[in-house]
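Counting from 3, one number per residue, gives the positions in the sequence shown under my numbering.
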Amino acid sequence: MSRKAHSGWIKQAAATVLATALLLQPTDSRAQGPNSGSSAETAARMADFFGSIGDQIFKECLFELSDEQVQVQQALVKAYIGQGASPQVARQLAAQQIHPPKPSEQCERIRRMPATAVPGWDAKTVVAKPAVPVPEMRPAQPVQLPPSTPISLTGKAPLQLWDCAPGVDYVTIKHNGYERKLTGGEICNPFEDVVREVPPDLKNFRLGYTIRTGRVFVIAEGAPANGKTIAWGLSGRDICRNNPDPDCLATRAVGPLPPGEYSFAADKAQRVTWGPKTKRQVAAVYLSKLWHRERFSPKHTQAILARGNIAIHLRLKGEMSEACIGLEPKSWAYVAALIKDGRATSLNVHIDEPYPQLAEKPPVIVKSTFSLSSLFK
3 MSRKAHSGWI KQAAATVLAT ALLLQPTDSR AQGPNSGSSA ETAARMADFF
53 GSIGDQIFKE CLFELSDEQV QVQQALVKAY IGQGASPQVA RQLAAQQIHP
103 PKPSEQCERI RRMPATAVPG WDAKTVVAKP AVPVPEMRPA QPVQLPPSTP
153 ISLTGKAPLQ LWDCAPGVDY VTIKHNGYER KLTGGEICNP FEDVVREVPP
203 DLKNFRLGYT IRTGRVFVIA EGAPANGKTI AWGLSGRDIC RNNPDPDCLA
253 TRAVGPLPPG EYSFAADKAQ RVTWGPKTKR QVAAVYLSKL WHRERFSPKH
303 TQAILARGNI AIHLRLKGEM SEACIGLEPK SWAYVAALIK DGRATSLNVH
353 IDEPYPQLAE KPPVIVKSTF SLSSLFK
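Right, dumping it as structure tokens:
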């Protein structure tokens, strides 16, 4: 659904709710029964209802471009013009290629909600409470060390697996000082949205993640499903995408999430919450133990432990992921449900594949329909 369409039906819903409230509100408080309450009370109940529904609509249904998508869209316009496209064509292409996600199922339920659902005098409406904002995510035991010189990524290149496939047209943008290749507005070689469900008889297990390949899998020693793939997720930006190089792991806002043991929020109800900065649902993860310290210099270790805001979340088109695991839509919905329901109890992050005999080749999409010749039409 487009942004304009979203705005249209939301305005219509608001008008419907307000009109229904006016129709249901008695004009003379003396005409009401002894237990009905006054007109003012009725109006107050209507206002509370509309306010709650409004909050829910804004939470579930108003999908704007993320900050990163806006920046990518603007950079695409410049890149297309640099390739010879007219400003008008460049803007049209960028707008078509970078767009918000599809409405969630909850949003669709709200959108289809009939007008009769508006409560009258005696109706009781239960509306989900607004999600608690995700707290600042920091390592469980932050190390206080004096500041050091920044880690340099100069001269590093992305791993070949994530570079554009031969014969694929792309344009290069710069985002936060780093180059990013995009084909049709999407990063090169994104993952297919593969979901493999965990057997229903496996009630509790840990999630596993391999930085180098992006594989999300089951950790349940002794169970037949141990090591089996669940989904695939991106971690790290640009030259550091799924790149376990120590310099990448130590670079905030660019490197993938560090290897180690992670926990979810202690309160089950807060394991999947609304992230106000990311403007989407996220599952925060907290580093409790850093692995492979022998591979890192003291400078690397200090920088790795100073990183924060680590989570699992939905990845939007054109975006990458900093210090997190960004999943495609179906994969995110399934993994989030595992975390929310308490089946997935924690997360272990590995640099290399711990189950090579079970791991498949990453299902990357190497083809693209984007053509540079389209810029000159």
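The beta-carbon is built from N, C-alpha and C at its ideal position, and this holds for glycine as well.
query                                                                                                                                                    : result
Look up C166 in the DSSP assignment and say whether it is helix, strand or coil.                                                                         : coil
Using a Cβ distance threshold of 8 Å, determine whether the segment 210-218 contacts the segment 227-240, with at least three qualifying pairs required. : yes
Would you list the one or two residues that DSSP bridges to N350?                                                                                        : G210 and E263
Using only alpha-carbon positions, find the residue among A77, P246 and E321 that is nearest to I213.                                                    : P246
List the endpoints of the continuous alpha helix (DSSP H) containing Q90.                                                                                : P89 to Q99
Ordered along the chain, which non-local residues of its own chain (more than five positions away) have a Cβ less than 7 Å from that of L374?            : Q85 and D171
Let me know the secondary structure DSSP gives W276 once reduced to three states.                                                                        : strand
On a Cα-Cα basis, can you pick out the residue from F378, P89 and G187 that is closest to Q73?                                                           : G187
Within 8 Å, do at least three Cβ pairs link the segment 329-346 to the segment 162-170?                                                                  : no
Could you give the DSSP three-state label for K80: helix, strand or coil?                                                                                : helix
From A285 to F378, what does the alpha carbon distance come to, in whole angstroms?                                                                      : 43 Å
Just the C-alpha distance for H315 and P152, rounded to the nearest angstrom, thanks.                                                                    : 27 Å
Using CA atoms only, rank isn't needed, just tell me which of P278, K270, G224 and Y264 is closest to Y288.                                              : Y264
Going by other Cβ atoms of all chains shown within 10 Å of its Cβ, with 16 needed for buried, is R317 buried or exposed?                                 : buried
Would you check if the distance between the CB atom of L1 and the CB atom of P260 is smaller than 8 Å?                                                   : Absent from the model: residue 1. The displayed extent of the chain is 3 to 379, so no value can be given.
Does DSSP put V284 in a helix, a strand or coil?                                                                                                         : strand
Could you tell me whether the segment 349-361 touches the segment 192-210, using the rule of 3 or more Cβ pairs below 8 Å?                               : yes
Okay, do the segment 353-365 and the segment 189-199 touch, 3+ Cβ pairs below 8 Å being the bar?                                                         : yes
Between S88 and K281, is the Cβ-Cβ spacing less than 8 Å?                                                                                                : no
Taking the continuous alpha helix (DSSP H) assigned at S333, which residues delimit it?                                                                  : P331 to K342
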